[in-house]
Amino acid sequence: MVGQILNRKFTKRLFLFAWAASLLFSQASVYASIFYERNDILYYHPDATESVCNTTLDVTGSNNVEIVLKVLTSAGMSIAQAAGVAGNLVVESGDQNINPAAEEFPGEDRGGKGVVQWTAARWRGQDGLRAFAEHKGTPWQDMNTQMEFILWEVGKGAAWDGKPGGAERRGWEATLNETTPAAAAETWMLRYERPGVPHLDRRISAAERIFSEYGSADLGNVTIGSANCGAGAVNGDIAATAKNLAWPHRVSIERGEGARHGESAAKPEYVKAVEQFHTAINQAMFTDCGVFVSTVMRSSGVDPDYPLRGTSVQLPYLRNSPKYKTFVAASESELLPGDILIRDGHTYIYVGPYTAPKDNQQYKAVGASWFTRPPSGHTLYLSGSNSSDISSSDPFTIARYIGE
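Position in the sequence shown (first residue = 1) + 67 = the working numbering.
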């Protein structure tokens, strides 16, 4: 009898433990979703593994402080603002030279890591430093990798796996308003670092020391962005971003010409991305084919100069830009995922064959149609208005991004 009672108690405790564990994991998933939503992280997928670009930055300097200053000033900061950020990294990494291999708990998967002392989701999450480094095939301790990750977090670096970044852009933008190393150090600490123990006096002291040493130095510029990526890698990134912004199946809606027509039918991720680049929403913008393509090109980080709207503007831009190879294709075999198809009046993006789960139909492209379709699965046709008039004398121009 005693044995049966003990066995029942053990079974009950085991059940309660399992229930608590399942609840914990469920809550963790909810918290992760909240984290992404509140930080404006548009694209994430637990099974995402495709590689699209190797390390963009390859910056050298006499020390890591100099590397930080070179990268940040090249990305748009003043030397005073960059010194404020560098002062934070000195304190975070516990090293006057800024140590990218710094660990709060060496050898353990907890605590802060790297020059920022990234923790929790920003370290081990699917959009954290560790995943970023693995995706690029570099050690997380690499200085250039960490600087590139900072740029990605603030929306100034190359996209990876279809994710344009920018979750920490408010910290960057706020710091750009400061004029002294001390003010920049404090703003960066409050808006980007958000440390448990501030040590603001140390951050300011380090920032002012760095500014005193480098304030009048000629650091030179470095290339920031995705220009160093190969053509195939960039194309893969365009396609991934396009698929993330569009519904996989074809979506048609009743015709409308209101300013926000199509918003409720478009993917929420797309609505957010459009609002990031357009201060004014008008003329059924969420169904505009040109707006869709420009939003993909800009939010992917591939081409921040892509004309925002209008195929009559976008087509000459593509034909005249050295960043693109343009041609007319005779068959699909000439296309690569990420190619832009454009003619006066319509444009869309080839992403390669896939099957949409909702309608079980195969599509090869994604695009929008003004007034009647938000970004979604799109029929592939190289000329005319649909696949039945392939012999039309009005072919699409294929524009392929090839880099600077």
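Glycine is no exception: its CB is placed at the ideal position from the N, C-alpha and C atoms.
Item: Identity of the residue in G174, N427, P265 nearest V158 by Cα; Value: P265
Item: Where K334 falls, given that 16 or more other Cβ within 10 Å makes a residue buried; Value: buried
Item: Heavy atom of the ligand FAD within 6 angstroms of E399 beta-carbon; Value: Absent from the structure shown: the ligand FAD. Ligands present: none.
Item: Test item: CB-CB of I348 and A326 under 7 angstroms; Value: yes
Item: Helix, strand or coil at P420 [DSSP, three-state]; Value: strand
Item: Close Cβ partners of G357 (< 7 angstroms) along its chain, the five nearest in sequence each way excluded; Value: R376, G377, T378, Q381, T414
Item: C-alpha distance - W219 paired with G232, whole-angstrom precision; Value: 5 angstroms
Item: Outcome for P389 when other beta-carbon atoms lying within 10 angstroms are tallied against a minimum of 16; Value: exposed
Item: Straight-line gap, C296 to S400 (C-alpha atoms, nearest Å); Value: Confidence in C296 is poor, its pLDDT being 36 and thus under 50, which makes the residue's placement unreliable; the coordinate value appears in the next sentence. Using only the alpha carbons, I get a separation of about 23 angstroms.
Item: Cβ contact check for the segment 238-254 and the segment 189-204: 3 or more pairs under 8 angstroms; Value: no
Item: Best match in T186, G179, E253, E171 for proximity to A149 [C-alpha to C-alpha]; Value: E253
Item: Sufficient close CB pairs (3 or more, under 8 angstroms) joining the segment 357-376 to the segment 208-227; Value: yes
Item: Residue range of the unbroken beta strand (DSSP E) whose run includes G357; Value: Counting along the chain, G357 falls outside any beta strand (DSSP E), though it belongs to the alpha helix (DSSP H) covering 356-366.
Item: Three-state class that DSSP yields for H316 in the structure shown; Value: coil
Item: Contact under 7 angstroms by Cβ, P559 with F344; Value: Residue 559 falls outside the range modelled here, since the chain spans only 68 to 471, and no answer is possible.
Item: Nearest-angstrom Cβ-Cβ length linking A306 and V418, presumed shorter than 8 angstroms; Value: 4 angstroms
Item: 6 angstroms Cβ shell around V183 - same chain, five flanking residues per side excluded; Value: E159
Item: Contiguous beta strand (DSSP E) assignments of at least 3 residues, all confined to the segment 400-445; Value: 407-410, 413-422, 429-436, 440-445
Item: Beta carbon of A251 nearer than 7 angstroms to that of G151; Value: yes
Item: Entirely enclosed alpha helix (DSSP H) segments - the segment 120-159, minimum 4 residues; Value: 131-141
Item: Three-state secondary structure (DSSP) of I271; Value: helix
Item: Between the CA atoms of I271 and A249 - distance to the nearest angstrom; Value: 5 angstroms
Item: Which of helix, strand or coil DSSP assigns to T247; Value: coil
Item: Residue closest to D194, alpha-carbon to alpha-carbon, out of Q163, K230, K137; Value: K230
Item: Close beta carbons around A435, own chain, < 7 angstroms, minus the five adjacent residues each side; Value: T354, D355, C356, F359, P441, P442
Item: Rounded C-alpha distance that separates N211 from V126; Value: 7 angstroms
Item: Local conformation of F463 per DSSP, three classes; Value: coil
Item: Outcome for D285 when other beta-carbon atoms lying within 10 angstroms are tallied against a minimum of 16; Value: exposed
Item: Test item: CB-CB of R467 and D406 under 7 angstroms; Value: yes
Item: C-alpha distance - K425 paired with S283, whole-angstrom precision; Value: 60 angstroms
Item: As assigned by DSSP and simplified to three states, the class of K180; Value: strand
Item: Opposing strand residues paired with T393 [DSSP bridges]; Value: A466
Item: G178 to S398 span [Cα, whole Å]; Value: 54 angstroms
Item: Nearest neighbour of W185, chosen from A309, A396, G263 [CA to CA]; Value: G263
Item: Assigned secondary structure, I348 (DSSP; H/G/I helix, E/B strand, else coil); Value: coil
Item: Inter-residue Cα distance where the pair is S319 and L402; Value: 26 angstroms
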